[in-house]
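See below for the structure under consideration.
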Amino acid sequence: MTTDPHAGAELTDDALQDEIELVGDLVVAASASERPLTDDEIDRALGIERGQCEGPDEATEHAHRIWKRQNA
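Now the structure itself:
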């Protein structure tokens with residue numbers, strides 16, 4: 000038995016979860032392809048359009064919002 004008051008507390012990291020889901024989407028897309036994915040195919044798997052986002056954080060957030068909408 001532990002005396003740690005936080006033992007068993009749920010640990011969450013929303014940004015990490017978003018990244019894991021995006022990597023999962025890429026793995027699924029790559030597994031379905033017989034060749035390496037093109038940049039456009041990667042963008043499509045992530046649910047983003049080229050030139051739409053300014054940086055990686057914004058791209059991740061945008062792709063996650065699209066994914067949630069598509070899978071709701």
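Quick note on numbering that gives the first Met the number 0: the sequence shown kicks off at 0 and runs consecutively. Note that the Cβ used here is the ideal one computed from N, Cα and C, for glycine as well.
Under 7 Å between C-beta atoms of residue i and residue j
i: A44; j: L25; result: yes
i: L36; j: A29; result: yes
Start and end residues, alpha helix (DSSP H) containing residue i
i: E20; result: 13 to 30
i: L45; result: 38 to 45
Integer-rounded CB distance, given that residue j should sit under 8 Å from residue i
i: E33; j: D42; result: Actually they are not in contact, since the Cβ atoms of E33 and D42 sit about 19 Å apart, beyond 8 Å.
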